[in-house]
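Undergrad:
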Amino acid sequence: MKKIFFAIGIIAIGIIVVAVIALVTMFAGSISEKETSVPALTPTITPLPKTTSTTQSPEQPLAPLPYQVMDRIPEPGAKDVPVTTSISINFSILPEIVELEMEPEVEISNISREILTTSRGEHVFIDGGKVTFYLAKPLLPETNYTVKITYGVEKAPPDSKPTSTTTWQFTTSS
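In our numbering, the protein residues as written are 13 to 186.
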C-alpha cells in the first residue's frame, strides 16, 4: 500500500512539473510575441549610399553622418549664463557617441540621454535626441567658456567619417 501511494505521489509531482514547464513556455512565448509586435523607439541609421569608388582618395571628402545639431544650451554667444547651468545638445537623431570638452575644464557628474517624441492622436513620432551633461561644480563667474562636443558612431558606414564636432562659446554671470 505504501508503494502505491509513493508511486502515485511521484507521478503527481511529475505531472505538476510538466504543467509548470508548459505554462512557463506558453508565458514566455506570449511575451516574445508582444515584444516583437511593439515598434522600437530607437532610431535606425541607414548607411549612406556608396560612391562609385571603393577606396577613398585624399581629394574626396568623407560624407557626414546623418546627425544634425538642432539646439545647444546654453545658446552660442549667450551672456550672463547662470553658473549652475548644465550643457545640453539636441540632435535630429541620437548619436551613439557624444563627448564633451570644455575650456576652462569642468568635471561632469552625470550624463542623461533622452529620445524626444511628439504625440499626435494615437501616433508617437521621434523628433530626435537630447544629451545633457550635468556639472559636478558651479562654473566660474564672469568667465568665457568654450564648449566642444564630438558626436557620431564607433563604426561609420563606408566612406563616412565616424564623428563630427560642434564648438561654441558662452559667458557666465557674476
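By construction, the Cβ of each residue, glycine as well, lies at the ideal position given by its N, Cα and C atoms.
For Val-95, which residues of its own chain have a beta-carbon under 6 Å away from its beta-carbon, when the five flanking residues on both sides are left out?
TA: Contacts found: Pro-150, Leu-151, Pro-153, Thr-184.
Undergrad: To which residues of the same chain is Pro-86 closer than 7 Å at the C-beta, ignoring the five residues directly before and after it?
TA: Contacts found: Val-93, Thr-97, Phe-182.
Undergrad: Can you tell me which of the three DSSP states Asp-83 falls into?
TA: It is a strand residue.
Undergrad: Using DSSP's beta-bridge definition, name the partner residues of Gly-164.
TA: DSSP output for Gly-164 lists Ile-109, Thr-175 as bridge partner(s).
Undergrad: Name, in chain order, the residues that DSSP records as bridge partners for Ser-100.
TA: Bridge partners of Ser-100: Ile-85, Thr-144.
Undergrad: Rounded to the nearest angstrom, what separates Ile-123 and Ser-100 at their Cα positions?
TA: Ile-123 and Ser-100: Cα-Cα distance of roughly 10 Å.
Undergrad: Is the segment 154-162 touching the segment 124-142 in the sense that three or more CB pairs, one from each, lie closer than 8 Å?
TA: Touching, no.
Undergrad: Can you give me the C-alpha to C-alpha distance between Lys-91 and Leu-147, rounded to a whole angstrom?
TA: Near 19 Å, if we compare the C-alpha coordinates of Leu-147 and Lys-91.
Undergrad: Would Glu-117 pass as an interface residue toward chain D - the criterion being a Cβ-Cβ separation below 8 Å?
TA: The structure shown has no chain D; it contains just one protein chain.
Undergrad: Closer than 6 Å by C-beta to Ala-19: which residues in its own chain qualify, once you throw out the five before and the five after it? Chain order, please.
TA: No answer about Ala-19 holds up, because its pLDDT of 43 lies below 50 and its placement is not dependable.
Undergrad: For Phe-145, which of Pro-88, Thr-178, Ser-186, Glu-113 has the nearest alpha-carbon?
TA: Out of Pro-88, Thr-178, Ser-186, Glu-113, Glu-113 has the C-alpha closest to the C-alpha of Phe-145.
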